[in-house]
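Undergrad: After the structure tokens below, expect a handful of questions from me.
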Amino acid sequence: MNKRILGLDTGTNSLGWAVVDWDEHAQSYELVKYGDVIFREGVKIDNWKESSRAAERSGHKAIRKQYFRRRLRKIQVLKVLVKYHLCPYLSDDDLRQWHLQKQYPKSDELMLWQRTSDEEGKNPYYDRHRCLHEKLDLTIEADRYTLGRALYHLTQRRGFLSNRLDTSADNKEDGVVKSGISQLSTEMEEAGCEYLGDYFYKLYDEQGNKVRIRQRYTDRKKHYQHEFDAICEKQELSSELIEDLQRAIFFQLPLKSQRHGVGRCTFERGKPRCADSHPDYEEFRMLCFINNIQVKGPHDLELRPLTYEEREKIEPLFFRKSKPNFDFEDIAKELAGKKNYSWIHDKEERAYKFNYRMTQGVPGCPTTAQLKSIFGDDWKTGIAETYTLIQKKNGSKSLQEMVDDVWNVLYSFSSIEKLKEFAHHKLQLDEESAEKFAKIKLSHSFAALSLKAIRKFLPFLRKGMYYTHASFFANIPAIVGKEIWNNEQNRKYIMENVGELVFNYQPKHRDVQGTIEILIKDFLENNFELPAGATDKLYHPSMIETYPNALRNKFGILQLGSPRTNAIRNPMAMRSLHILRRVVNQLLRESVIDENTEVHVEYARELNDANKRRAIADWQKEQDKQHKKYGDEIRKLYKEETGKDIEPTQTDVLKFQLWEEQNHHCLYTGEQIGITDFIGSNPKFDIEHTIPQSVGGDSTQMNLTLCDNRFNREIKKAKLPTELSNHEEILARIEPWKNKYEQKIKERDKQRTFAGMDKAVKDLRIQKRHKLQMEIDYWRGKYERFTMTEVPEGFSRRQGTGIGLISRYAGLYLKSLFHQADSRSKSNVYVVKGVATAEFRKMWGLQSEYEKKCRDNHSHHCMDAITIACIGKREYDLMAEYYRMEETFKQGRSSKPKFSKPWATFTEDVLSIYKNLLVVHDTPNNMPKHTKKYVQTSKGKVLAQGDTARGSLHFDTYYGAIERDGEIRYVVRRPLSSFTNPEELENIVDETVKRTIKETIADKNFKQAIAEPIYMNKDKGILIKKVRCFANSVKQPINIRQHRDLSKKEYKQQYHVMNENNYLLAIYEGLVKNKVVREFEIVSYIEAAKYYKRSQDRNIFSSIVPTHSAKYGLPLKTKLLMGQMVLMFEENPDEIQMDNTKDLVKRLYKVVGIEKDGRIKFKYHQEARKEGLPIYSTPYKNNDDYAPIFRQRIKNINILVDGIDFTIDILGKVTLKE
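This is the structure in structure tokens:
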């Protein structure tokens, strides 16, 4: 019987796939089809730093919106000032043009009113000072304009009013913002200034430009509102004017709720997840933790759950305002007394042993604690007794509804004053209690479950059940209905029987008994009359959101649906799953696979989350750095020992690392090891497997040590370290390993995070925790292999990084189609871990045993996919048998074994796979696509299409223009600290500044000197912080728009930027004087954006460039986009053998660069290296040696273009277009 298998190797920006057939009769595999897809990661990675592309776009959008809001505010204020004659006249049309067209009103009177001048004493801070201390005569125009200018300046500076819901670190009392505000208020007080305008005017009047007034943190109410009120009072303004000004200057839109982005509950599908500050969730979290605590006291034989009395004793620890988070040691101390407790695995003997480490962090119940401090221990009843809004449409509110009302107010009110007003009038609190109530701060994180599900769990958690047990009971009341559940006899009967099923269930008997869900469902259905499908609502502890079954298309072919799910908001994983979907669906459409195909998938661990990816990247970077260091050490020590040079291999570096880990001693014999004992020919010490491969050991580094060859061959053999007579001596030698991972555990436990923590700080802690966990896993794994008395079945298969959440969802996604016909629970999808793939790569000769996998060619993804497809239970069993036979061979008791390959020529075929592999590069052209969003109209929500530019249009830096010797040159302001060498100083524009800097740093270390303060005038305290420099690389910048205030010099009237990328290159070809001539036209991203913004139909592509060239009128030959694939030929396209994959492999390239002079960069489709590649400028030659990168002028290129001359589908099939 034949079985078809699909192997998938998924990565962050790649997908290797392979289809093989397993022949049961011949006991071998046959390769059917294979391919490789490369795509862009779902996140932006720049200098090892990862950021969301959506977050970057949102950040720029937020700045644009902020500028727009400021403009609107100024317009509203000017309308009020014009109405009351406090500024020069502006028509409504002038202000409308500024609002809609960004055309700033430029009347001479307005510009004069705004202008500052030290000579004339015109300064807005002086105007504010006058308005605060001098009663102006508002019948005089000059005085009215002074008042108007002061008020307009307040409008320009008033800033953003932070609200009580802001939990960022900067906004905390000791944060940067609050500290800056407090410092400014102190400075004002010391200077004797009550108002901000006074203080800034005093600074400017006394110190001039020596002190910086701007870029200080100010408080809207303490500083600006206070000053505004004082000005209004001093100038005796009418209440109508004050009201208009108040609204125009200080109005602020409320923040947009982000609640719509919250994930959905895994148990109650339609319900959003609960906020972690809700009192019910705090109780849920507390009970889950308490129910998991186990203790072994002086009279206990083993660990046991806490008694009712012990639970009551520790509950108050969770309700401390002073400790929203605390160590488990507080609980241990409360139960056992001081210094009378320890973790169960600690060495010291104490009367009480607990199942948690003393440094384990425990989250408290901060919301409940704060409410208890106001309403008493019985805080819910306290709220009910004072709450006035107790009526609803159909009667009175329940106690729970009243508590929810109060929590919602705390969660949603942004104003402290409004909150105090609510406390006074609706909760009837006195001044002191209302003040405390208004100071309650809630975190804005979320739980995994909805409030509805949590409330179903709570009754069972209060009985002391574990979360896993409670999950089975939680929804039974809803399943059986109120009538049955409220009957005490029925309830008792259900609790006893379901409890017996849950507590006594043995997973190992699953095949006989069925799963626990089936047993509970059968009990309920057999004992109660329930509607059909009612028991499907039963909760399960491992329940997660599943995908609906795959549906058939109009041709009757099953197709995977969208991978989108509320449970995952991971752009990198989503991008990977979407590509996976396209590949699988195409294979299904071509009947290469069907729903009965078995799927083997390896999912990259880097897809799980950004912090884990960063930690892995940092870990790997440190390892690479360490390996380079080890290579240098080997060269040095070997040269000193032998007088000979050596170039270390990766195996030598691995041996050196093991040597360092073992402190230069053999762990088995204690013998000291020298550098020449393991490097060079005939080494006395070599790599051995702690757990022999014959009994299930793997080849990961944590299972390797340097060992005396003779000892390994004659004494250790296939034994575990615990079976050796000198095991105690061995343990003493590896004690430092144990100490190391125990110390790392302590360090990891210190890296705690909690709700409300600043995101940047939180991310750093999480990354550090991940890195420490990797080190802990490594050293603990090495140590525990020396303490194992037996090797569990399938041990090697279970090693390596856990598959993680994303892998689980990838598995569920594929299971929506690939499962057995009689039951979806019988899946045809199997996850293969990376460790197993690496092991079989080496066993089947695709990689040397201790060498790293080569990643220079994209074909390695496809090779891995073939390997993954061929790994099944049979292969694991064969590997175990091979290692057993190899052990007997080492002992001289049998001949050398052979490990059977998937087919006879497997190694040769897979290693040469690149000769027939067309790597597909998925680079979608997003520029013509419409942006879409839902907008609210009078008819409800409507899906609207926008004309937003898709892509980065230019670099962010603005350049200035100056004239030097009749030439226009471009300049940019640079911080002095950014200079890296003295030569860069020659680019400074101002000769005086340049000379001053050179004289200051003369005869000093450049880096040190440039970092120190450099003064233009030390007596006046004028520092040089930034300097204008010539931007020599900028020759032909893009002029994106005009300045608001135009200079008399034409070259200074535009904003100058540099083009980041070109979008398209059009090639024109024709005869000129009987000679073939080519011309080109380049379209930048900004030009493309303008075209698509104007275009009514974005699919009309031809009009983006002229149909004929400008110079000779040559016809358009072809167009090239960034990322487009091309097939190269030497003279004639007929050279290309479309039905010969080997020929196509040599010709396929990708466009990776379009330069302004018309030169194009092409990168070979299989080339995976990102830097250090040779660039060829010679014409293409079809031979066996490919050029990694071609950089050619249009006259030298001969190509067919994807989408115009041919197509290449997601599976790599090339089709010539008619």
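The sequence shown begins at 3 in this note's numbering and counts up by one. Note that CB positions come from ideal geometry on N, CA and C, so glycine has one too. Source: prediction; values computed, not measured.
1. Excluding the 5 residues flanking R352 on each side, which residues of the same chain have their C-beta closer than 7 Å to its C-beta?
2. Expressed to the nearest angstrom, what Euclidean distance is found between the alpha-carbon atoms of E1220 and L1150?
3. Thinking just about the alpha-carbon of each residue, which of N928, Y413, E32, A1068 is nearest to the one in S259?
4. For K1148, which residues in the same chain have their Cβ closer than 8 Å to its Cβ, ignoring the five residues on either side in sequence?
5. Helix, strand or coil for T1217 per DSSP?
6. State the Cα-Cα distance for the pair D751 and F330, rounded to the nearest angstrom.
7. Just checking, does the segment 528–539 make contact with the segment 549–569 on the three C-beta pairs under 8 Å criterion?
8. So, is D538 buried or exposed, given that buried needs 16 or more other C-beta atoms within 10 angstroms?
9. Just the C-alpha distance for V514 and L919, rounded to the nearest angstrom, thanks.
10. Tell me which residues share the same chain as E336 and place their Cβ nearer than 8 Å to its Cβ, disregarding the 5 neighbours each side in the sequence.
11. List, from N- to C-terminal side, the beta strand (DSSP E) runs of 3 residues or more that fit wholly inside the segment 288–332.
12. Does the contact criterion of 3 or more C-beta pairs under 8 Å hold for the segment 150–157 versus the segment 63–83?
13. Could you check if E1173 is buried or exposed, using at least 16 other CB atoms within 10 Å of its CB as the buried criterion?
14. Mapping DSSP to helix, strand and coil, what is V995?
15. Output needed for I1084: all residues of its chain with C-beta closer than 6 Å, excluding positions within five of it in sequence on either side, in chain order.
16. What did DSSP end up calling H923 once you bin it into helix, strand or coil?
17. State the start and end residues of the unbroken beta strand (DSSP E) segment that holds T1120.
18. Where does D246 land, buried or exposed, given buried means 16+ other C-beta within 10 angstroms?
19. Which class does N1064 belong to by DSSP, given the choice of helix, strand or coil?
20. Can you give the Cα-Cα distance for M776 and A823, rounded to whole angstroms?
21. When the Cα atoms are used, what is the spatial distance from V833 to P550?
22. List the endpoints of the continuous alpha helix (DSSP H) containing K1051.
23. Enumerate in chain order the residues of its own chain whose CB-to-CB distance from W115 is below 8 Å, with the five nearest sequence positions on each side excluded.
24. Consult DSSP for S119 and reduce its assignment to one of helix, strand or coil.
25. In whole angstroms, what is the alpha-carbon distance linking R1100 and Q947?
26. Thinking C-alpha only, which one of D110, S897, F459, Q217 is nearest F269?
27. Quick check on the burial criterion: 16 or more other C-beta atoms within 10 angstroms. Buried or exposed for V655?
28. Does the segment 439–458 come close enough to the segment 277–290 to have 3 or more Cβ pairs within less than 8 Å?
29. When you compare the CB positions of L819 and E597, do they come within less than 8 Å of one another, or not?
30. Does the count of Cβ pairs from the segment 888–906 and the segment 56–68 closer than 8 Å reach three?
31. Using the beta-carbon count (16 or more within 10 Å), is T707 buried or exposed?
32. Does DSSP put S1086 in a helix, a strand or coil?
33. How is C1031 classed by DSSP in three states: helix, strand or coil?
34. Confirm, please, whether the CB-CB distance from G1160 to R1195 is below 8 Å.
35. Determine which residues share a DSSP beta bridge with P904 and list them.
36. Mind checking whether I870 and G9 have CB atoms under 8 Å apart?
TA: On the basis of the coordinates in this document:
1. Taking the sequence shown and counting its residues from 1, one reaches residue 352 at position 350. Excluding sequence neighbours, R352 sits near N342, Y343, S344.
2. To locate residue 1220, count along the sequence shown from 1; it is residue 1218. To locate residue 1150, count along the sequence shown from 1; it is residue 1148. Answer to the nearest angstrom: the Cα atoms are 20 Å apart.
3. Translated into positions along the sequence shown, residue 259 becomes position 257. Residue Y413 is the option with its Cα nearest to S259.
4. Locating residue 1148 in the sequence shown gives position 1146, counting from the first residue. Result list for K1148: N1184, N1185, D1186, Y1188, in chain order.
5. One-based indexing of the sequence shown puts residue 1217 at position 1215. Three-state result, T1217: strand.
6. The residue given as residue 751 occupies position 749 in the sequence shown. The residue given as residue 330 occupies position 328 in the sequence shown. Using only the alpha carbons, I get a separation of about 11 Å.
7. Touching, no, given that fewer than three Cβ pairs across the two stretches are closer than 8 Å.
8. Here residue 538 corresponds to residue number 536 of the sequence shown, with the count starting at 1. Classification of D538: exposed, given that the 10 Å Cβ count is below 16.
9. What you label residue 514 is simply residue 512 of the sequence shown in a count that begins at 1. What you label residue 919 is simply residue 917 of the sequence shown in a count that begins at 1. The predicted position of V514 is uncertain, since its pLDDT is 44 and thus under 50; a value taken from the coordinates is nonetheless stated next. Between the alpha carbons of V514 and L919 lies a distance of about 48 Å.
10. By one-based count along the sequence shown, residue 336 stands at place 334. In chain order, K315, I316, L319 place their CB closer than 8 Å to the CB of E336, counting only its own chain and leaving out the 5 sequence neighbours on each side.
11. 296–298, 327–329
12. yes
13. To locate residue 1173, count along the sequence shown from 1; it is residue 1171. Exposed.
14. Counting from one through the sequence shown, the residue named residue 995 turns up at place 993. V995: helix per DSSP, three-state reduction.
15. Sequence index remark: in the sequence shown, residue 1084 carries index 1082 (1-based). Short of 6 Å from the beta carbon of I1084, and not among the five residues preceding or following it, lie these beta carbons of its own chain, in chain order: N1064, L1067.
16. Taking the sequence shown and counting its residues from 1, the one referred to as residue 923 is at position 921. Three-state result, H923: strand.
17. In the sequence shown, the residue the question calls residue 1120 occupies position 1118. Start and end: 1118–1123.
18. Locating residue 246 in the sequence shown gives position 244, where the first residue counts as 1. Label assigned to D246: buried.
19. Residue mapping note: residue 1064 aligns to position 1062 of the sequence shown, counting from 1. Looking at N1064 - three-state DSSP - the assignment turns out to be strand.
20. One-based indexing of the sequence shown puts residue 776 at position 774. One-based indexing of the sequence shown puts residue 823 at position 821. M776 and A823 have their alpha carbons spaced roughly 41 Å apart.
21. Position 831 of the sequence shown holds residue 833. Position 548 of the sequence shown holds residue 550. So the alpha carbons of these two residues sit roughly 20 Å apart.
22. For the purposes of this step, residue 1051 is taken as residue 1049 along the sequence shown, with counting starting at 1. Run containing K1051: none; DSSP gives neither H nor E here.
23. Counting from 1 along the sequence shown, the entry for residue 115 is found at position 113. Cβ within range, chain order: C89, P90, Y147, G150, R151.
24. Within the sequence shown, the letter at position 117 stands for residue 119. Strand at S119.
25. By 1-based counting over the sequence shown, the position of residue 1100 is 1098. By 1-based counting over the sequence shown, the position of residue 947 is 945. Low local confidence applies: a pLDDT of 47 at R1100 is under 50, so the model's placement there is unreliable, with the coordinate-based value given in what follows. If I take the Cα positions, the gap works out to 12 Å.
26. In the sequence shown, counting from the first residue as 1, residue 269 sits at position 267. When each option's Cα is compared against that of F269, the closest is F459.
27. Within the sequence shown, numbered from 1, the residue matching residue 655 stands at position 653. Its Cβ being crowded by 16 or more others within 10 Å, V655 is buried.
28. yes
29. Translated into positions along the sequence shown, residue 819 becomes position 817. Translated into positions along the sequence shown, residue 597 becomes position 595. Against a cut-off of 8 Å, the Cβ pair of E597 and L819 comes out as a contact.
30. no
31. Taking the first residue of the sequence shown as 1, we reach residue 707 at position 705. Here T707 is buried, its C-beta having at least 16 other C-beta atoms within 10 Å.
32. In the sequence shown, residue 1086 corresponds to position 1084, counting from 1. If DSSP states are grouped into helix, strand and coil, S1086 belongs with the strands.
33. Counting from 1 along the sequence shown, the entry for residue 1031 is found at position 1029. C1031 falls in the strand class under three-state DSSP.
34. As a working mapping, residue 1195 is identified with position 1193 in the sequence shown. As a working mapping, residue 1160 is identified with position 1158 in the sequence shown. For R1195 and G1160, yes; Cβs fall inside 8 Å.
35. For the purposes of this step, residue 904 is taken as the residue at position 902 of the sequence shown. P904 is not bridged to any residue.
36. Residue 870 sits at position 868 when you count from the first residue of the sequence shown. Residue 9 sits at position 7 when you count from the first residue of the sequence shown. Closer than 8 Å, so yes.
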